[in-house]
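Structure, as structure tokens:
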Amino acid sequence: MRDPILALLAKEPAHGYELRQRLMAALGPAGGGLNPGQVYVTLTRLERAGLVVSETVGQASQPDKKVYELTAAGRDRVVTWLADVSWSKVAPVEFHLKLVAAAATRLADPVALVDAQRLELLRQLRQLQEAALAERPDADGTLLIEGAALRLQADIRWLEVCEQRWDGREPT
Amino acid sequence: MTAVVEARGLVRRYQGDGEVVRAVDGVDLAVEPGETVSVMGPSGCGKSTLLHLLGGLERPDAGELRLGGRRVDGLSETQWAVFRRQGVGFVFQAFHLVDELTAVENVELPALLVGSSRHDARRRASGLLDRLGVGARAGHLPDRLSGGERQRVAVARALINEPLVVLADEPTGNLDSRATGDILRLFADLRAAGQTLLIVTHDPRVASMADRLLTMRDGVIDGGTRLDGGAFASPLADLGDLADRGGA
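Protein chains in written order, with numbering that gives the first Met the number 0: chain A, 0 to 171; chain B, 0 to 247.
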């Protein structure tokens, strides 16, 4: 969360509400999962870390607002973040171990586990697709949905491979 | 309400290498009016054969089949050919358009076969192509169209005689991601318009949009599960979750 917010500030100084709006626009439907206070908490942390500085601007009819600006260290950090190639992993290790355990113990049928898991993933895929259909096709947020949908499809394909492996196999 | 498609104990056997293969091994199935049903299953599970049986492209060795309440498993080849023109619309993976005919001519062909006037057939075919977003391509031969456009023309052809049911066999199997998205949108529109639809597919994107998912294995089908219920986890909430994961 810190890095994306820092990066949104790299274009020009902004106050918290503006940043939140920019973030919501970039996330599209996925922005619904965003905690409203998260941006403000993050900005406070970034300031403490010396990555941003703030200036309080008085407003006539509303409470003062804080406008945040990147420091040089903050800018370096954004550049480093953009170049970083680490990738959050979707690791279905636990499901794999369930199948191994089911086959070994006969406490559950591995193929039935695959079926139940596939249904759950198909339901999630459907939610994503319905969200995408409700958006303008060229909205930035739909790219995020497309990515999530493609990952789900890969997981569903992997379930097919699991099924082939475990279907009819005797416990070891 | 009478089911649009109702099968009981459908069986289809093939003579394999020295042994009889039961490709469809006693399938019971009911598709309600306006319902979208998808059938998934591993390759060779019999799902394409099932679709062929439901549309009369193959005959069952045993069992009963009713379409729109009419018993059809005993129809002759000729009777099926007549019934199919108005009762069933097919959509195939490889589109199966007539290469020598333009898009609009492909679409109006089934209407002409059931005796519509040229004028009426052309009017309805053009209207459908417009509705499916390929009206501007009406005068093109299939080889001038993209895969997605060809499939939309094929869907228009399947719809022209207002069939009881549209049977689709891997409709997105030859399409890229974007064209698949167009077909998904199209099926969602058909569903909203009350068209009954049965789709055999490997594609999770297509399968997930159905009202009900049937799983087929070794020629046998399960009772089906509704897909419009809530998922345990909301994938959208996960997406927006940018909470810091280590590092600062």
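Even for Gly, the Cβ is constructed at its ideal location relative to N, Cα and C.
Subject >> Sequence-distant residues of the same chain with beta carbon closer than 7 Å to A61(B), five excluded per side >> reply: Cβ within range, chain order: G8, V10.
Original post:
What three-state label does DSSP hand A48(A) in the structure shown?
Top reply: DSSP, reduced to helix, strand and coil, places A48(A) outside both helices and strands of the structure shown, so it counts as coil.
**OP:** Tell me, please, whether the CB atom of L212(B) is closer than 8 Å to any CB atom in chain A?
**Re:** Yes, because at least one Cβ of chain A sits closer than 8 Å to the Cβ of L212(B).
**OP:** Name the two residues that bound the continuous alpha helix (DSSP H) containing R122(A).
**Re:** For R122(A), the enclosing alpha helix (DSSP H) has its first and last residue at 109-133.
Original post:
Excluding five sequence neighbours on each side, which residues of the same chain lie with their C-beta closer than 6 Å to the C-beta of L56(B)?
Top reply: Excluding sequence neighbours, L56(B) sits near nothing in its chain.
Original post:
What span of residues does the beta strand (DSSP E) with L212(B) cover, start to end?
Top reply: In the DSSP assignment, L212(B) falls within the unbroken beta strand (DSSP E) covering 211-216.
Subject >> Endpoints, the beta strand (DSSP E) within which Q144(A) is located >> reply: Checking the sequence shown, residue 144(A) turns out to be Ile, not Gln. Annotation: I144(A) is outside any beta strand (DSSP E); the continuous alpha helix (DSSP H) that includes it extends over 140-165.
Original post:
Which residues in the same chain as E119(A) place their Cβ atom closer than 6 Å to its Cβ, once the five residues preceding and following it in sequence are excluded?
Top reply: Once the five neighbours on either side are set aside, E119(A) has no close Cβ partner at all.
Original post:
Assuming V103(B) and L131(B) make a contact with CB atoms under 8 Å, what is their CB distance in whole Å?
Top reply: Contact between V103(B) and L131(B) is ruled out by a C-beta separation of about 12 Å, above the 8 Å threshold.
Original post:
In chain A, which residues lie with their C-beta within 7 Å of the C-beta of A206(B)?
Top reply: Result: L121.
Original post:
Which residues in the same chain have their Cβ closer than 7 Å to the Cβ of D227(B), if we skip the five residues on either side of it in sequence?
Top reply: Excluding residues up to 5 positions away in sequence, D210 lie with their Cβ nearer than 7 Å to the Cβ of D227(B) in the same chain.
Subject >> Rounded C-alpha distance that separates R44(A) from G27(A) >> reply: Roughly 25 Å separates the two Cα atoms.
Subject >> Neighbour flag for L127(A) against chain B, beta carbons, 8 Å >> reply: Using a CB distance cut-off of 8 Å, L127(A) counts as an interface residue toward chain B.
Original post:
Looking at A131(A) and I144(A), is the spacing between their C-beta atoms short of 8 Å?
Top reply: I144(A) places its beta carbon less than 8 Å from that of A131(A).
Original post:
Using a C-beta to C-beta distance shorter than 7 Å, which residues of chain B count as neighbours of D114(A)?
Top reply: Chain B residues near D114(A): T214.
**OP:** From the DSSP output, in three-state form, read off G245(B) for me.
**Re:** With a pLDDT of only 37 at G245(B), under 50, the local geometry of the prediction cannot be trusted, and no value is derived from it.
Original post:
Is the shortest distance between the beta-carbon of G15(A) and the beta-carbons of chain B less than 8 Å?
Top reply: Interface with chain B (8 Å Cβ-Cβ cutoff): G15(A) is excluded.
Subject >> Sequence-distant residues of its chain with Cβ nearer than 7 Å to S115(B) (five each side left out) >> reply: Correct list: empty, nothing qualifies.
Subject >> Supposed contact pair A25(A) and G146(A) - C-beta distance, whole angstroms, cut 8 Å >> reply: Their Cβ separation, rounded to whole angstroms, is 13 Å, which puts G146(A) and A25(A) out of contact at 8 Å.
Original post:
Within the chosen definition, does the stretch 131-147 of chain B reach the stretch 58-72 of chain B through at least 3 CB pairs nearer than 8 Å?
Top reply: With a cut-off of 8 Å, the stretch 58-72 of chain B and the stretch 131-147 of chain B do not count as touching, because too few Cβ pairs lie within range.
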